[in-house]
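**Student:** Residue numbers (full-length UniProt numbering): 1 to 308.
Just passing along the structure, written as structure tokens.
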Amino acid sequence: MPLGIYGEGIQTRSWTFTILQNIMLQYILTIDLSKRRLVRPMKTRILILTMMNKLRAAFVVLPYLLCVCVVIVSVAGLSTDSIGSSNTMSVAQGSRRIVGKLKPETSMVLLCDIQERFRPLIWRGETVINTSRYTTSVAKALDIPIAITQQYTKVFGDTVTDCFADPKDLKNTPVFEKKNFSMCTSEVVEHMKKFPIESVLLLGIEAHVCVQQTCLDLLEEGTDVHVICDAVSSQQPFDREIALQRMSRAGAYLTTAQSAAFMLMKSADHPNFKTVSKLTVNHMKLPNEFNEALQADDGSKKRTRTEE
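Printed below as a string of structure tokens:
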């Protein structure tokens, strides 16, 4: 059907060109005669015929070019729409990762390898333990599940009891033995599937080994990771610092225990707000060695600037 239409159009334009061509020739000859000059009418006729033939060829091809252009524009429009919708869906689906909000019903606390053998070896280890105790207490108050791993328990011992306010809570928390550095063993992964987990609050040791590998594995599976920085450390400060940078660049959220706790509640109207507030006040009474280190570093920088 379209070809027939284009064919009729071509035939119509052919007649149009013939009439137009004859009119132009007659007009030029009339001008020549009126001026009583002989200007090689044959040469003029040849030039006009050549020009008209070129125009005719162009107009014959034009409909097909227009058709091709319409098809290209249509396809491009569809592609743009699909890309746009795809980007919109990606943003919508990835908004949780971009924003990084925490909700108690979709969160879990993972406590990584805070074991007795490591206790005296970890930089700022007592702050890590105190903050772990605060975090597990908040998790209990907000009914957030907790999972613990222990690295080669025969060598490194059990989880430090002080990571929980009540020793009974430690006994009632699932503990998974592992030799892999990452916490994401098959047993832990299966346990996590029992809950609608979207976000993990990650704490433990060592930052640059087990914590980091756990973080990367979780991110790779699409789980939000909130690294509780005042409950994460290594034997060497430099290892800890580089590990935090590495995890942040990979997509983890670096936060503090208090920040995470209040984000989980969202409002002072939360039914357990008073409980968490009391836990927070008691926690703030304890020394925070990470904060003290920052203050000391800031003080030394100020003294250096003053001396300069």
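Glycine residues also receive a C-beta, built at the ideal position from the N, C-alpha and C atoms.
Can you list, in chain order, the stretches of the alpha helix (DSSP H) that have 4 or more residues and sit fully within the stretch 227-277?
**Tutor:** 237-250, 257-265
**Student:** Taking just the CA atoms, how far does residue 260 sit from residue 137?
**Tutor:** Position 137 of the sequence shown, counted from the start, is the residue given in the question as residue 137. Position 260 of the sequence shown, counted from the start, is the residue given in the question as residue 260. Taking the straight line joining both Cα atoms gives about 13 Å.
**Student:** By Cβ distance, which residues of its chain are closer than 7 Å to residue 207, with the 5 residues on each side in sequence left out?
**Tutor:** As a position in the sequence shown, residue 207 is number 207, starting the count at 1. These residues qualify, in order along the chain: 232, 233, 234, 239, 240, 243, 244.
**Student:** Count the CB pairs spanning the stretch 136-150 and the stretch 166-177 that are closer than 8 Å, and state whether there are at least three.
**Tutor:** Three or more pairs of CB atoms, one per stretch, sit closer than 8 Å, so the stretch 136-150 contacts the stretch 166-177.
**Student:** With DSSP as the reference, please indicate the residues paired to residue 199 in a beta bridge.
**Tutor:** To locate residue 199, count along the sequence shown from 1; it is residue 199. In DSSP, residue 199 forms a bridge with 107, 224.
**Student:** Excluding the 5 residues preceding and the 5 following residue 103 in the sequence, name in chain order all residues of the same chain whose CB lies nearer than 8 Å to its CB.
**Tutor:** Taking the sequence shown and counting its residues from 1, one reaches residue 103 at position 103. Excluding positions up to five away in sequence, the list reads 198, 199, 264.
**Student:** Please state the DSSP three-state secondary structure of residue 154.
**Tutor:** Here residue 154 refers to the residue found at position 154 of the sequence shown. Looking at residue 154 - three-state DSSP - the assignment turns out to be helix.
**Student:** For residue 112, which residues does DSSP report across the bridge?
**Tutor:** Counting from 1 along the sequence shown, the entry for residue 112 is found at position 112. In DSSP, residue 112 forms a bridge with 149, 204.
**Student:** Would a C-beta distance cut-off of 8 Å place residue 169 and residue 116 closer than the cut-off?
**Tutor:** As a working mapping, residue 169 is identified with position 169 in the sequence shown. As a working mapping, residue 116 is identified with position 116 in the sequence shown. Annotated as distal: residue 169 and residue 116, with beta-carbon spacing of 8 Å or more.
**Student:** Per the DSSP calculation, residue 193 is bridged to which residue(s)?
**Tutor:** Taking the sequence shown and counting its residues from 1, the one referred to as residue 193 is at position 193. Paired residues: none, contrary to the question.
**Student:** In the DSSP output, what is residue 175 paired with across the bridge?
**Tutor:** Along the sequence shown, read from residue 1 onward, the residue named residue 175 stands at position 175. DSSP lists 148 as partners of residue 175.
**Student:** Can you tell me whether residue 269 is buried or exposed, with buried defined as 16 or more other CB within 10 angstroms of its CB?
**Tutor:** Here residue 269 refers to the residue found at position 269 when the sequence shown is read from its first residue. Residue 269 is exposed by the Cβ-count criterion.
**Student:** Does the ligand SAM have a heavy atom nearer than 7 Å to the CB of residue 208?
**Tutor:** This structure does not include the ligand SAM; it has no bound ligands of any sort.
**Student:** Excluding the five sequence neighbours on either side, which residues of its own chain have a C-beta within less than 6 Å of the C-beta of residue 107, listed in chain order?
**Tutor:** Translated into the one-based positions of the sequence shown, residue 107 becomes position 107. Excluding positions up to five away in sequence, the list reads 144, 199.
**Student:** Please state whether DSSP places residue 289 in a helix, a strand or coil.
**Tutor:** Your numbering for residue 289 matches position 289 in the sequence shown. The answer is helix: DSSP assigns residue 289 an H, G or I state.
**Student:** Residues bridged to residue 159 by DSSP?
**Tutor:** Working through the sequence shown from its first residue, we reach residue 159 at position 159. Answer by DSSP bridge pairing, in chain order: 115.
**Student:** How about residue 201 and residue 135: are their beta carbons less than 8 Å apart?
**Tutor:** Counted from its first residue, the sequence shown places residue 201 at position 201. Counted from its first residue, the sequence shown places residue 135 at position 135. Cβ atoms of residue 201 and residue 135: closer than 8 Å.
**Student:** Do you know offhand how far residue 184's Cα is from residue 217's?
**Tutor:** Taking the sequence shown and counting its residues from 1, the one referred to as residue 184 is at position 184. Taking the sequence shown and counting its residues from 1, the one referred to as residue 217 is at position 217. Distance between the alpha carbons of residue 184 and residue 217: 7 Å.
**Student:** Give the straight-line distance between the Cα atoms of residue 224 and residue 252, rounded to the nearest whole angstrom.
**Tutor:** The residue given as residue 224 occupies position 224 in the sequence shown. The residue given as residue 252 occupies position 252 in the sequence shown. Each residue's Cα considered, the two are about 7 Å apart.
**Student:** Give the DSSP-derived three-state secondary structure of residue 180 in the structure shown.
**Tutor:** Position 180 of the sequence shown, counted from the first residue, corresponds to residue 180. Three-state DSSP puts residue 180 in coil, outside helix and strand.
**Student:** In this structure, does DSSP put residue 313 in helix, strand or coil?
**Tutor:** Past the boundaries of the shown model lies residue 313; the chain is included only from 1 to 308, so the question cannot be answered.
**Student:** May I have the straight-line CA-CA distance separating residue 211 from residue 129, to the nearest angstrom?
**Tutor:** Within the sequence shown, residue 211 is the residue found at index 211, counting from 1. Within the sequence shown, residue 129 is the residue found at index 129, counting from 1. Looking at the two C-alpha atoms, the distance is approximately 15 Å.
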